[in-house]
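J.:
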Amino acid sequence: MRKTIIKAATIEGIGLHKGKAARVTFLPAAGPTGLRFLGPAFAEPLPARLDRVAGTARGTNISDGKHTIYTVEHLLSAAAGLGIDDLDIEIDGEEPPAADGSALAFATALLKAGIQEKPAQEKKTLSLAGRLEMAKGDIRYTAVPALGVSFKLTYDYPHPLVGKQVIEFVLTPDEYLVRVAPARTFGFSHEIEALKAAGLALGGSLDNAVVIGEKEIMAKGGLRFADEFARHKLLDLIGDLALTGLPLKDIRIEAERPGHAANVNFAKLLSEKAL
Ligand SMILES: [Zn+2]
């Protein structure tokens, strides 16, 4: 059954990359309209869909050609992870608040707003008839038909404090909330200056990101999971796959060294080959 929220919920704060204040209000969606952004800047709602993706540098941006919303993936991940099909996302600003760098604030707000089923509206899903594979260099994705929705994600980075992390995950709203939503954005201290020079991570701080230094990991309150980096990559993947506009059904996805650009390409491939 399609789901939306029951009442409005608002989150405020600065965005991770642009560093500007923004306010997001989640609103119930009456129709089967998917996840979409609304706001004073938009003449028409901007659907969070693959054909609107306008950038994938350290985050996923969508645009209607005139206005761009940056870093939509954590917010979309929370909605998809909780099984919400239809959501109007009113945004005052150009980037959702970074919050603590995870999807927890979005998920908590959505749960506080309450989730309702829409029995009269048909639910469409994305599933596969056969195996699907995509690879480029050492980045690899596979998807196969399966029972339920599950993931195996491998994050691998040649750094003594990181190495290889593998997360196996069966997607349900409860599991998403506990095991994926709290995993925070991370970056390496050696890349921060270059990111800022490129106009990225301008709002980034230890309040909303884990920073991996040469000799230590700087994380407020310590790491939340030993494999927090792999879990955050899974959070991102779930958010980027939400751009297909369809919830996954009976599918197992394995991803090695995923990133936003590859996630979006894989989402396009999934959409093309879906039943
Ligand atoms: Zn992320």
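Numbering (my numbering), first residue to last: 140 to 414.
No residue lacks a Cβ here, since even glycine has one placed at the ideal position from N, Cα and C.
1. Is the beta carbon of residue 315 closer than 9 Å to that of residue 106?
2. Using 8 Å as the Cβ pair cut-off and three pairs as the minimum, do the stretch 250-268 and the stretch 149-156 touch?
3. According to DSSP, what are the bridge partners of residue 289?
4. Tell me whether residue 239 counts as near ligand 2, meaning its Cβ is closer than 8 Å to at least one heavy atom of that ligand.
5. So does residue 195 have its beta carbon nearer than 8 Å to some heavy atom of ligand 1?
6. Within 10 Å of its beta-carbon, does residue 270 have 16 or more other beta-carbons around it, so buried, or fewer, so exposed?
7. Would you say residue 324 touches ligand 1, meaning its beta carbon is less than 8 Å from a heavy atom?
8. How big is the Cα-Cα spacing for residue 347 and residue 382?
9. For residue 186, which residues does DSSP report across the bridge?
10. Could you have a look at residue 280 and say whether DSSP puts it in helix, strand or coil?
11. Going by C-alpha to C-alpha distance, which of 369, 413, 411 and 143 sits closest to residue 393?
12. Out of curiosity, what's the CA-to-CA distance linking residue 243 and residue 373?
13. Taking all protein chains shown into account, do 16 or more other C-beta atoms lie within 10 angstroms of the C-beta of residue 249, making it buried, or fewer, making it exposed?
14. When we look at the beta-carbon of residue 282 and count the other beta-carbons within 10 Å, is it buried (16 or more) or exposed?
15. Would the beta-carbon of residue 198 be found less than 8 Å away from any heavy atom of ligand 1?
16. Starting from the Cα of residue 324, find the closest Cα among 274, 332, 340 and 312 and give me that residue.
17. Please decide whether residue 411 counts as near chain B, where near means a Cβ-Cβ distance under 9 Å.
18. Does DSSP put residue 327 in a helix, in a strand, or in coil?
19. Report the rounded CA-to-CA distance for residue 202 versus residue 193, giving the unit in angstroms.
20. Residue 202 lies in the beta strand (DSSP E); which residues open and close that run?
21. Whether or not the stretch 156-165 and the stretch 221-234 are in contact is what I'm after, with contact meaning three or more pairs of Cβ atoms, one per stretch, closer than 8 Å; do they touch?
22. Quick one: is the Cβ of residue 353 within less than 8 Å of any heavy atom of ligand 1?
T.: So, to answer that:
1. Summary: the structure shown does not reach residue 106, with the chain confined to residues 140 through 414, and so no result is reported for it.
2. no
3. 309 and 391
4. Ligands present in the displayed structure are limited to ligand 1, and ligand 2 is not among them.
5. no
6. exposed
7. yes
8. 24 Å
9. 175
10. strand
11. 369
12. 14 Å
13. buried
14. buried
15. yes
16. 340
17. Although the question refers to chain B, the structure presented lacks it and comprises just one protein chain.
18. strand
19. 6 Å
20. 200-202
21. yes
22. no
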